[in-house]
Amino acid sequence: MGMLKKDKDIINEILYSTTEYANEFFSTLNERPASIKPYPLPTENLPEIGIGTKEALKLFSRNYANGLSGSNGSRYLGFVTGGATPAAIAGDWLVSIFDQNVSTNESSIASSIEEKTIDMLKDLFNLDKEYSGAFVSGATMSNFVGLAQARQWSAQFSGINVTLDGLFGAPPIKIISGTPHSSIYKACSMLGVGKNSIITIPCKKERESIDIEYLEEVLIKQNDSPCIVVANAGTVNTGDFDDLKAIAQLKSKYNFWLHVDAAFGGFASCSPKYSSLMTGINSADSITIDAHKWLNVPYDSALQFTKHRTIQLEVFENNAAYLSNSNDVLDYCNLTPENSRRFRALPTWFTLKAYGKKEYQQIVERNIDLAKQLGAKIEKSNHLKLLSQVHLNIVCFTLESDKITSDEVLNFMERVNSNGQVFMTQTNYNGITAIRAAFSNWNTNEEDLEIIWKSLVEELK
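The sequence shown begins at 771 in our numbering and counts up by one.
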């Protein structure tokens, strides 16, 4: 056992050293560049005899730590990335200490804690009690789980059980959406439905919100054949929303499964100012929401909600002699692709209990207010152009000039990012190369906004 035995004997010192190091990282987070361009790493060989945890921590600090960005800091505006709250960090550390495998409910109450955490989240998002839910690794996997159920539901109308017999013989499954996230395409590929099964239909003028009249025309052409509608609550480019209420009303007339991708937009429910954007959500058959976005818990953590637990079990049930397979217990290995599952509900339990509904309302409203302020500054600028109204927490913009090339826009963004004060990502909006800034960190404030704006202005000179 050698070094492992020595580490066991000094575990208190190891945890103390790790805590000290983590505290130093966290306390200097906003001094760390928001992004760091990757660079070649030194050659590292597998040692014949290990050096122990304390020496490994020193080695990591010396050779690797400076290459890690401040992606959980207050000026990281790439993707939609929240920074873990103090409570979520505490919960996440304990996940590793407890090291529970939350696949079955036989050996601890970890699964029950996940179930209670899902109940709190339904309250946070104003979801009906009839929804059941589970934690998955991210929005991609959550979309996969929702569409897997939709695939099973759709094929049943042709008398085919996809779980048992596969897609052979089933009619093509149609998936209809206005601005589907790339993970919807990925899920269709993994499910064997195929990316070409996605029918994208027009959106409203200068919006990423689906045109309801066009949607109804497509549904009429289905002649009551089952199909899947993927609605968006927060598009990746502009944070736009489909009219969930109008789509919900169509469910009474047409035969479709409604999956709502609300990876970050679902958090609009936390605020009375913006909750109307989510009106109609309770008509969804399945819902995707990310926890490692606006809930500000560590990666990887997302949620899937469904009204069709029976169909979900048909798809994901895992029969094995070593599992309980009891109808009396909730075994999460029967609900998602994972069998072994990390106790990823615990950071969410901690942060919800620590801060409650009111504080999450404040986080959401503050981020949206800052996004709108940045949008207003861009609108007043002679050198930047706002490409879309700020619907929620995402600002989509580009350089102001008809003669600006894509390369010039990207070069400008790279210069801003390389400065280290802020990080933003590129996108393409209506054929225009653009930049997007996504506000979702619990710690971002007015002072950060001024630094962000100064970084943009300086690179315009």
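Backbone N, C-alpha and C fix where the C-beta goes; we use that ideal spot for every residue, glycine too.
- Inclusion of glutamine 926 and valine 1085 in the CB contact set at 8 Å is not warranted, their separation being larger than that value.
- Under the DSSP assignment, cysteine 1166 falls outside any alpha helix (DSSP H), being part of the beta strand (DSSP E) whose first and last residues are 1164 to 1169.
- Taking 8 Å as the cut-off, the Cβ atoms of alanine 1003 and phenylalanine 1011 count as close.
- Within the DSSP secondary-structure output, alanine 904 pairs in a beta bridge with Gln1074.
- Across the structure, tyrosine 1044 and asparagine 896 are spaced so that their CA atoms are roughly 13 Å apart.
- Scanning the region 811 to 893 for uninterrupted alpha helix (DSSP H) segments of 4 residues or longer gives 823 to 833 and 856 to 868, listed from N- to C-terminal end.
- In this structure, isoleucine 954 and aspartate 1031 form a Cβ contact; the two beta carbons are roughly 7 Å apart against a cut-off of 8 Å.
- Of all alpha-carbon atoms in Thr1168, Glu1229, Arg1136 and Glu1228, the one lying nearest the alpha-carbon of asparagine 1211 is that of Arg1136.
- The Cβ atoms of serine 1176 and threonine 1195 lie no closer than 8 Å to each other.
- Residues Met773 of the same chain have their beta carbon placed closer than 7 Å to that of glycine 820, with the five preceding and five following residues left out of the count.
- The way I'd put it, the region 931 to 947 doesn't touch the region 1101 to 1108; fewer than three beta-carbon pairs between them come closer than 8 Å.
- Taking C-alpha positions only, serine 1053 is separated from serine 1022 by approximately 10 Å.
- Ranking Leu1020, Ser995, Val1006 and Pro996 by CA distance to the CA of leucine 985 puts Leu1020 first.
- By the Cβ criterion, the region 1031 to 1040 is in contact with the region 886 to 906, since at least three pairs of Cβ atoms, one from each stretch, lie closer than 8 Å.
- Judged by beta-carbon spacing, serine 912 lies beyond the 8 Å limit of alanine 1115, meaning their Cβ atoms are not closer than that value.
- Within the same chain, and ignoring the five residues on either side of arginine 1185 in sequence, the residues whose Cβ sits closer than 8 Å to its Cβ are Glu1229.
- Taking the CA atoms as reference points, threonine 1168 sits about 42 Å from serine 902.
- Assignment of phenylalanine 1037 by DSSP, reduced to helix, strand and coil, places it in the helix class.
- Below 8 Å, too few C-beta pairs join the region 977 to 997 and the region 826 to 834 to call them touching: fewer than three.
- The beta carbon of tryptophan 1027 sits closer than 6 Å to those of Ala920, Trp923, Ile998 and Asp1055, all from its chain and outside the five residues before and after it, given in chain order.
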